[in-house]
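Notes follow once the structure below has been shown.
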Amino acid sequence: MQLEDLFIKNAIRAKLPLQTREEIIQKAGEILVEADAVEPRYIHAMKQAIDELGPYCVIAPGIALLHARPEDGVKRACLSLLTLKSAVPFGHSANDPVDLVFTLGAQDKKGHIEALAELAQFLSKEDFLQRLRTCETSQNLQEEIFQYISKRK
């Protein structure tokens, strides 16, 4: 699965004024529900995973990757990105606070692993991540992402 197939354009939002981990998970899930990519129960599953496993989703300094199991309500493979107006602690000892929040929905284990591999390459570019952090509007953020993806082809 390629990044351009995963990203949902209207699920890329810049500088949201969210203040807690719970608000972030709720909003991230709602955006994918609005895009008809996941069922509403996916939001609860993401919250439950963090409650049970801790802030495992904070995968790098400032970056969270929210997700749940495919059977928790994924309708189609999807990826969203929220940037936050102010960084928010998730409770991770090394990688807090978070200001970039990706939300992944995969339809099966194989797709999940492929999507994570694609995303890992995307997240390894520190200069690119800094550009994402400086985008002030959702439109600029969308343009930055899709421009980066088209350059990689």
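Position 81 of the sequence shown, counted from 1, bears residue number 95 in my numbering, the numbering being contiguous throughout. Note that the Cβ used here is the ideal one computed from N, Cα and C, for glycine as well.
DSSP three-state assignment for residue i, whether helix, strand or coil
i    : result
G76  : coil
A172 : In the structure as shown, the chain begins at 15 and stops at 167. Residue 172 is therefore absent and cannot be evaluated.
A91  : coil
A134 : helix
L32  : coil
A59  : helix
A129 : helix
A42  : helix
Segment limits, beta strand (DSSP E) that includes residue i
i    : result
D113 : 112-119
Where the alpha helix (DSSP H) containing residue i begins and where it ends
i    : result
F142 : 140-148
D19  : 17-20
Beta bridge counterpart(s) of residue i as assigned by DSSP
i   : result
H81 : L118
L96 : R27, V115
(request) Would you check if there are 3 or more beta carbon pairs closer than 8 Å linking the stretch 36-56 to the stretch 147-162? (result) no
(message) With a threshold of 8 Å, are at least 3 pairs of Cβ atoms found where one atom belongs to the stretch 98-109 and the other to the stretch 69-84?
(response) yes
(request) Flag this pair as touching only if the stretch 18-31 and the stretch 40-57 have three or more C-beta atom pairs under 8 Å; answer yes or no. (result) yes
(request) Would you be able to state if there are at least three C-beta pairs under 8 Å between the stretch 120-130 and the stretch 52-62? (result) no
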